[in-house]
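Dropping the structure here:
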């Protein structure tokens with residue numbers, strides 16, 4: 001009995017010593033990451049960093065966090081951010097965001113309020129450096145800025161490594177409600193009944209800790225199985241495949257199905273998404289295409305992306321979509 005008690009005490013002391021060593025190493029690695037970002041010219045600051053969770057966890061908590069990338073102009077500010085993991089399973093982390101935070105994109109400050117926002121991230125490979133899969137979820141998410149607003153009951157995004165530099169991404173938003181008033185002559189429900197996408201993206205390098213530190217990998221090919229939005233009687237579906245050029249423009253084809261497309265054009269025009277002149281010319285071209293298909297309310301067409309432009313047959317529609 002005495003020997004057993006001694007063994008338990010020695011084992012407890014050894015585990016305690018190992019945990020405090022692991023916690024200090026984890027904190028030092030996080031501090032070194034911020035130092036490296038500052039050396040790269042970033043603004044990378046926090047008020048405090050604590051690692052807790054004895055005896056089985058390594059939970060890091062940042063307060064008053066600011067990360068700013070000078071190259072992209074992206075700035076993220078959060079009063080609290082947590083990285084949670086088991087001490088014996090460091091390749092699996094849970095990321096927890098605060099209820100309110102701000103994200104600056106292209107000079108616009110977006111406030112993001114949510115009931116909950118978290119992600120599960122699983123790494124693999126040498127020293128757990130490569131991203132195997134990730135799942136992000138947000139509940140009751142509200143986005144506001146001086147450029148507009150949007151809200152959704154839930155947002156879910158899943159990413160999985162499916163091959164060398166290949167990643168399948170699925171995303172869905174439940175109860176998505178665009179901001180701004182709706183036109184009186186176009187009765188629509190407050191929110192979309194469907195908003196989802198399923199695609200595979202090829203990159204020029206694998207996603208991982210080291211590649212993200214050096215800069216995000218560049219997309220090289222997009223395979224869109226389906227992107228779908230349904231809002232009342234309006235339905236929009238896209239599918240297709242395209243390479244991504246060095247400039248980031250798509251080069252390939254997409255099939256488009258648009259139900260009640262004239263109402264979509266009306267929405268785009270009054271929201272300012274399409275300038276009046278462009279909307280008028282585009283509507284004439286689409287009207288011709290719908291008449292040829294035999295259904296004036298539904299469009300089934302193929303868009304070509306080439307040389308940085310979008311084409312409907314021989315008709316240019318503007319710049320091709322750009323992924324970066």
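Numbering (UniProt numbering), first residue to last: 1 to 324. We put the CB at the ideal spot given by N, CA and C, even for glycine. Keep in mind that this is a model prediction, so the values were computed, not measured.
- Nearest C-alpha to residue 151 among 159, 139, 54, 290: 139.
- Pairing residue 251 with residue 315, the inter-Cα distance amounts to about 16 Å.
- Counted as a single uninterrupted DSSP element, the beta strand (DSSP E) harbouring residue 79 occupies residues 74-86.
- The secondary-structure analysis by DSSP pairs residue 302 across a beta bridge with 255.
- By the CB criterion at 7 Å, residue 216 and residue 244 fall outside the cutoff.
- In this structure, the alpha-carbon of residue 133 lies about 20 Å from that of residue 173.
- Annotation: the continuous beta strand (DSSP E) that includes residue 101 extends over 100-105.
- Comparing alpha-carbon positions, the option among 54, 226, 113, 28 lying closest to residue 170 turns out to be 226.
- About 6 Å separates the beta carbon of residue 161 from that of residue 131, a gap short enough to meet the 8 Å contact definition.
- Put simply, the backbone Cα of residue 200 is about 25 Å away from that of residue 175.
- Contact between the region 101-120 and the region 182-194 is absent: fewer than three C-beta pairs spanning the two stretches fall below 8 Å.
- Per the coordinates, the alpha-carbon of residue 263 lies some 10 Å from the alpha-carbon of residue 185.
- In this structure, the straight-line span from the alpha carbon of residue 70 to that of residue 41 is close to 7 Å.
- When rounded, the separation of the alpha-carbon atoms in residue 31 and residue 43 is 14 Å.
- Per DSSP, reduced to three states, the secondary structure at residue 17 is helical.
- Contact between residue 261 and residue 286 is confirmed by a C-beta separation of about 6 Å, below the 8 Å threshold.
- Around residue 63, the same chain offers 46, 47, 48, 79, 80 as residues with beta carbons nearer than 7 Å, after the five sequence neighbours per side are excluded.
- Note on geometry: alpha-carbon atoms of residue 109 and residue 98 lie some 17 Å from one another.
- Residue pairing of residue 34 in beta bridges, as defined by DSSP: absent, with no partner found.
- A direct Cα-to-Cα measurement between residue 35 and residue 148 gives close to 35 Å.
- In this structure, DSSP gives residue 154 an extended state, which the three-state scheme calls strand.
- The secondary-structure analysis by DSSP pairs residue 178 across a beta bridge with 150.
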